[in-house]
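> Supplied in structure tokens, the structure appears directly below.
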Amino acid sequence: MTSIRTLHLAAELAPGSAPAPSADDARATAARTVALARLAEAAGLDFLTHDDSFARPGLDALAVLARIAPETRSVGLVPTVTTTHTEPFHVQAAVATLDWVSRGRAGWRIAVSPTGAEARLFGRRPVPPAAELWQEAGEVAEVARKLWDSWEDDAEIRDVATGRFVDRRKLHHVNFQGSTFSVKGPSIVPRPPQGNPVTVVDATRPAARETAAHHADVVLIRAGSAEEAAGLRAELHRAARAHGRDPGQLRVLLSATVDLDTYEGGPGALAELIAGWHGGGAVDGFHLVPAVPERDLARFAADTVTRLGDRGLFRTVYEGTTLRDHLGLVRPAGQYATTGAGA
1 MTSIRTLHLA
11 AELAPGSAPA
21 PSADDARATA
31 ARTVALARLA
41 EAAGLDFLTH
51 DDSFARPGLD
61 ALAVLARIAP
71 ETRSVGLVPT
81 VTTTHTEPFH
91 VQAAVATLDW
101 VSRGRAGWRI
111 AVSPTGAEAR
121 LFGRRPVPPA
131 AELWQEAGEV
141 AEVARKLWDS
151 WEDDAEIRDV
161 ATGRFVDRRK
171 LHHVNFQGST
181 FSVKGPSIVP
191 RPPQGNPVTV
201 VDATRPAARE
211 TAAHHADVVL
221 IRAGSAEEAA
231 GLRAELHRAA
241 RAHGRDPGQL
251 RVLLSATVDL
261 DTYEGGPGAL
271 AELIAGWHGG
281 GAVDGFHLVP
291 AVPERDLARF
301 AADTVTRLGD
311 RGLFRTVYEG
321 TTLRDHLGLV
331 RPAGQYATTG
341 AGA
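The opening residue of the sequence shown carries number 1 in the UniProt record's numbering; numbering runs sequentially from there.
Spelled out as structure tokens, the structure:
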């Protein structure tokens with residue numbers, strides 16, 4: 001008897017970069033984003049992504065989703081985090097903090113900064129080739145996991161009588177040397193609720209695929225046909241296996257920009273497309289990038305997702321509490337606690 005594969009659905013909250021809002025506009029933007037997040041949560045979506053305005057006027061995606069976290073209960077929150085020109089130690093601490101604020105619903109969508117204009121703003125180095133940027137991004141993902149694991153799950157003791165906050169025997173020192181940076185630990189943030197927040201990589205560009213196969217929990221792809229998507233998924237699974245990973249712990253989602261005012265057949269046809277591609281094994285789910293979020297996300301949630309739920313293809317209620325629960329991903333054991341060794 002063939003088991004039914006779980007369908008995963010996600011959406012983008014803020015496609016593209018927007019100008020920096022004024023104080024009044026920022027409040028309106030926050031209210032709008034909260035409303036969209038609650039709409040997606042009511043539909044049972046696995047997670048929401050939020051694009052970032054790295055080195056340009058606009059909103060910081062991590063800060064926005066930290067603001068959204070207390071206003072939601074279940075939906076996963078995945079900001080874009082650029083690893084070029086940023087300090088890996090601070091990046092991992094911010095993502096770990098989002099996981100604590102959201103009670104285990106955080107991820108991060110790794111991005112790189114390939115433009116000379118952005119490099120000049122920081123002034124530390126010229127822009128390397130894309131392959132080197134993604135190699136560096138993979139090293140950031142690697143050291144982030146080491147730092148998240150540098151605290152054992154029960155390292156905090158909070159003993160008021162003795163004034164001891166942490167059991168130092170359960171902190172592990174990280175001494176990581178990458179190709180362009182070095183990091184020493186442990187982290188300044190206790191191990192996140194999920195152990196490791198979910199790592200998402202947009203692998204629509206070939207240069208990112210090796211990093212995605214090596215480090216991502218969720219990979220976003222683009223494809224013009226189910227056959228092309230299935231081929232990319234199989235390629236990612238082979239590469240993950242070559243890195244010693246279990247391909248069953250890798251989720252591959254088609255990322256598609258959709259305008260539901262011009263999409264032929266409307267939300268119903270989109271539901272049929274999703275069901276067909278997922279049922280045929282081409283992808284594990286879909287990541288909607290709405291052309292107009294207020295319009296398209298609302299129609300997607302109210303019509304497309306409802307149709308999939310009515311057919312028993314998508315959840316009608318959340319069964320777990322963390323983003324890893326939604327995605328069917330195991331909570332990783334702390335690498336140092338498991339081996340009993342230092343870093």
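Using N, Cα and C, we set each Cβ at its ideal position, and we do this for glycine too. Quantities reported herein were computed from a predicted structural model and do not represent experimental measurements.
Following the continuous alpha helix (DSSP H) through glutamate 118, name the residue where it begins and the one where it ends.
116-122 is the span of the alpha helix (DSSP H), which, as asked, contains glutamate 118.
> In whole angstroms, what separates the C-alpha of valine 95 from that of arginine 307?
Looking at the two C-alpha atoms, the distance is approximately 34 angstroms.
> Would you tell me roughly how many angstroms separate the C-alpha atoms of glycine 58 and valine 160, rounded to the nearest one?
In a straight line, the C-alpha of glycine 58 is about 43 angstroms away from that of valine 160.
> Thinking just about the alpha-carbon of each residue, which of Gly280, Gly312, Pro186 is nearest to the one in glycine 231?
Out of Gly280, Gly312, Pro186, Gly280 has the C-alpha closest to the C-alpha of glycine 231.
> Can you tell me which of Glu139, Ala212, His85 puts its alpha carbon nearest to the alpha carbon of glycine 116?
The residue with the shortest Cα to Cα distance from glycine 116 is His85.
> Does the distance from the C-beta atom of glycine 138 to that of histidine 214 stay below 8 angstroms?
Yes, the pair counts as a contact, with Cβ atoms nearer than the cut-off.
> Does the distance from the CB of residue 357 to the CB of leucine 297 come in under 8 angstroms?
For residue 357 there is no data in the structure shown, the boundaries of the chain being 1 and 343.
> Mapping the DSSP letters down to three states, classify threonine 84 as helix, strand or coil.
Coil.
> Consult DSSP for phenylalanine 165 and reduce its assignment to one of helix, strand or coil.
Of the three classes helix, strand and coil, the one that applies to phenylalanine 165 here is strand, per DSSP.
> At what residue ranges does the stretch 214-243 contain a whole run of the alpha helix (DSSP H), taking only runs of 4 or more?
Within the stretch 214-243, the complete alpha helix (DSSP H) runs of at least 4 residues are 226-242.
> Using the beta-carbon count (16 or more within 10 Å), is glutamate 264 buried or exposed?
When all chains shown are included, glutamate 264 counts as exposed.
> Just to confirm my understanding: we take alanine 43, look at its own chain, exclude 5 residues before and 5 after, and list those with CB closer than 6 angstroms. What are they?
So the qualifying residues of the chain are Ala301, Val305.
> Assign glycine 312 to one of two classes, buried (16 or more other C-beta atoms within 10 Å of its C-beta) or exposed (fewer than that).
By the 10 Å Cβ count, glycine 312 comes out exposed.
> Taking DSSP as the reference, what is the three-state secondary structure of glycine 342?
Below a pLDDT of 50, predicted positions are generally treated as unreliable, and glycine 342, at 48, falls in that range; no measurement from the model is reported.
> Provide the residue span of the beta strand (DSSP E) that contains tryptophan 151, from first to last.
It is not in any beta strand (DSSP E) - tryptophan 151 carries neither H nor E in the DSSP assignment.
> If contact is defined by three or more beta carbon pairs under 8 angstroms, each pair taking one atom from either stretch, is the stretch 102-109 in contact with the stretch 199-212?
With the cut-off at 8 angstroms, the stretch 199-212 and the stretch 102-109 touch.
> Classify methionine 1: buried if its beta carbon has 16 or more other beta carbons within 10 angstroms, exposed otherwise.
With a pLDDT of only 33 at methionine 1, under the threshold of 50, the placement of this residue in the model should not be trusted; the figure read from the coordinates follows. Exposed: under 16 other Cβ atoms inside 10 Å.
> Go through its chain and collect everything with a Cβ distance to alanine 155's Cβ below 8 angstroms, but skip five positions before and after it.
Correct list, in chain order: Val166, Asp167, Lys170, Leu171, Pro190, Arg191.
> On the DSSP letters alone, give me the boundaries of the beta strand (DSSP E) that valine 200 sits inside.
First-last of the beta strand (DSSP E) with valine 200: 198-202.
> Enumerate, from N- to C-terminal direction, the unbroken alpha helix (DSSP H) stretches of 4 or more residues contained entirely within the stretch 247-332.
Within the stretch 247-332, the complete alpha helix (DSSP H) runs of at least 4 residues are 266-279, 293-299, 305-310, 323-327.
> Out of curiosity, what's the CA-to-CA distance linking leucine 270 and leucine 288?
Each residue's alpha carbon lies about 11 angstroms from the other.
> Output the boundary residues of the beta strand (DSSP E) element that contains isoleucine 188.
Premise fails: isoleucine 188 is in no beta strand (DSSP E) and is neither H nor E.
> With distances taken from CA atoms, which of Arg251, Glu228, His237 is nearest aspartate 217?
With distances taken between Cα atoms, aspartate 217 lies closest to Arg251.
> One question on the structure: do aspartate 52 and aspartate 60 come within less than 8 angstroms of each other, judged by their Cβ atoms?
Cβ distance < 8 angstroms, so aspartate 52 and aspartate 60 count as in contact.
> Who are proline 79's beta bridge partners in DSSP?
Answer is His50.
> For alanine 37, name the three-state secondary structure that DSSP assigns.
Helix.
> For threonine 257, is the classification buried or exposed, using 16 other Cβ atoms within 10 angstroms of its Cβ as the cut-off for buried?
Exposed.
> Determine the closest residue to threonine 262 out of Phe314, Gly178, Thr82, Val292, with distance taken between C-alpha atoms.
The candidate whose alpha carbon is nearest that of threonine 262 is Val292.
> Does DSSP put arginine 245 in a helix, in a strand, or in coil?
Coil, per DSSP.
> Are alanine 207 and alanine 93 touching if we call contact CB-CB under 8 angstroms?
In this structure, alanine 93 does not lie closer than 8 angstroms to alanine 207 by Cβ.
> Looking at threonine 49: is its Cβ nearer than 8 angstroms to the Cβ of valine 78?
Cβ distance < 8 angstroms, so threonine 49 and valine 78 count as in contact.
> To which residues does DSSP link serine 182 through a beta bridge?
Per DSSP, Gln177.
> Under 8 angstroms by Cβ, that's how I've got residue 346 and serine 113 pegged, so tell me the actual separation to the nearest angstrom.
The structure shown has nothing for residue 346, since the chain only spans 1 to 343.
> Does the Cβ of alanine 141 have 16 or more other Cβ atoms within 10 Å, making it buried, or fewer, making it exposed?
Alanine 141 is buried by the Cβ-count criterion.
> Work out the CA separation of glutamine 194 and histidine 326 for me, nearest whole Å.
Their backbone Cα atoms lie some 12 angstroms apart in a straight line.
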